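Below is one structure; the comments refer to it alone.
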Amino acid sequence: MMGLKQAIDALRRGEVVALPTETVYGLGGVATKDAAVERIFAAKGRPRDNPLICHFFDAEHILPFVKDVPPYWDALLQAFSPGPVSYRLPLPQESTLRPAVAGQSTVVCRIPNQPLCLEVIRQLQQPIAAPSANTSGRVSPTTAEMVEVDLGHRIAGVLDGGPCLYGLESTILDCCESSRITILRPGAVGPDEIVAALKQAGFSNVSVSYAEGTQQAVVPGSKYRHYAPEQTLLRVPSVHDVPDDVSCAVLVSQESWAARAWPDSVVPVILGSRSDLPAVARELYQHIKSLDEHHVDAAYYVEEEWGDSSLGRAIANRLNRASEL
Ligand code: AMP
Ligand code: MG
């Protein structure tokens, strides 16, 4: 753990520091320093073709680093930034962010809404590249302790900002087209809120939809396994598919746990209630991570109906990617 001043000094030297944000903890490094970007990839064991989201202090801070912004840009930022939304924008040919974007011709930008994190960016006056602060493929950390356990020995330190407010990574919006926004990664903010905000600002002609099929490949990270506990997590369609003769842990909603009589061999890891999705999101990664603490022979996730809300879709997306059939 380290204090604000120590964190800023370490970042200035080109080191990497885990930073709190309102979504998940990020592994931060100054985005324009090649050595810092290299350290982020190395500490996470991140595939070299997987670009890093860059974090900025405010809209004016972003503008010099991108080539074009769409007409609805100001309206979007007004509504959702600082906050849990990231924007994919075209990058100029010559850019100091080239190493951070890992070969892309775009950069994904976010203005986080976390006072400590904003203060770090403000004092450095530089964009901070910060992917989630976990070993590549593993669960994203939502507390300073989770970072410390996973990456503590490979980074300069962790700036503790307490538990993250949302607990899920940001919504990523593709803003490279002038009249269409594609949601590349579901998060706390979804199409209904975006359409409403744009309409209020006079942009009723902009369509907003979730990425489908090949559009999903725009995010290089989507092809990698993610959010996985060490124990293989098997996805089953119903509570009745969890065997009663195997010592196992089962990741379920409160409602699904109540839907069956369970043998003693099954340890419940209750995700919370389907009627309180913000709470499910906030603790999701700690629950997934806790599967590794039970000394059981197997772990199951009973696939749930999380619903069509933005958060429901985001929760389903992370749980499906954490588990396998
Ligand atoms: P994380 O690394 O956990 O912060 O997640 C960031 C996600 O954003 C990864 O899946 C990246 O592939 C994706 N990403 C970052 N920058 C870009 C970019 N310029 N274009 C498309 N996807 C990006
Ligand atoms: Mg990640």
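Take the sequence shown: its position 248, counting from 1, is numbered 338 in this note's numbering, and each next residue is one higher.
C-beta: ideal position from N, C-alpha, C; glycine also.
Bear in mind the structure is a predicted one, so any value in this text is a computation, not a measurement.
What separation, rounded to the nearest whole angstrom, lies between the Cα atoms of residue i and residue j?
i	j	result
residue 323	residue 201	33 Å
residue 49	residue 312	Outside the shown range of the chain (91 to 415) lies residue 49, about which nothing can therefore be said.
residue 159	residue 261	18 Å
residue 248	residue 92	6 Å
residue 107	residue 330	44 Å
residue 361	residue 183	45 Å
residue 130	residue 141	11 Å
residue 103	residue 126	9 Å
residue 423	residue 204	In the structure displayed, the chain extends from 91 to 415; residue 423 sits before or after that span and is not available.
residue 333	residue 138	40 Å
residue 347	residue 404	21 Å
residue 345	residue 328	12 Å
residue 385	residue 391	17 Å
residue 128	residue 349	49 Å
residue 113	residue 318	18 Å
residue 169	residue 287	6 Å
residue 187	residue 211	16 Å
residue 338	residue 410	19 Å
residue 291	residue 256	26 Å
residue 193	residue 238	30 Å
Could you tell me if residue i is buried or exposed, where buried requires 16 or more neighbouring beta carbons within 10 angstroms of its beta carbon?
i	result
residue 174	buried
residue 95	exposed
residue 399	exposed
residue 320	exposed
residue 304	exposed
residue 366	exposed
residue 264	buried
residue 289	exposed
residue 179	buried
Looking at the ligand AMP, does it come within less than 7 Å of residue i, judged from the CB to the closest heavy atom?
i	result
residue 196	yes
residue 203	no
residue 308	yes
residue 185	no
residue 143	yes
residue 346	no
Let me check one thing: in DSSP terms, what residues is residue i bridge-paired to?
i	result
residue 273	263, 300
residue 358	340
residue 180	196
residue 391	325, 341
Hey, would you say the C-beta of residue i is under 7 Å away from at least one heavy atom of the ligand MG?
i	result
residue 420	Nothing can be reported for residue 420, as the shown portion of the chain is limited to 91 through 415.
residue 319	no
residue 230	yes
residue 222	yes
residue 385	no
residue 316	yes
So residue i packs on residue j, CB below 8 Å; how close in whole Å?
i	j	result
residue 155	residue 185	7 Å
residue 230	residue 375	5 Å
residue 336	residue 162	Their Cβ separation, rounded to whole angstroms, is 52 Å, which puts residue 336 and residue 162 out of contact at 8 Å.
Tell me whether residue i counts as near the ligand SAH, meaning its Cβ is closer than 7 Å to at least one heavy atom of that ligand.
i	result
residue 252	Only the ligand AMP and the ligand MG can be found as ligands here, which leaves the ligand SAH out of the picture.
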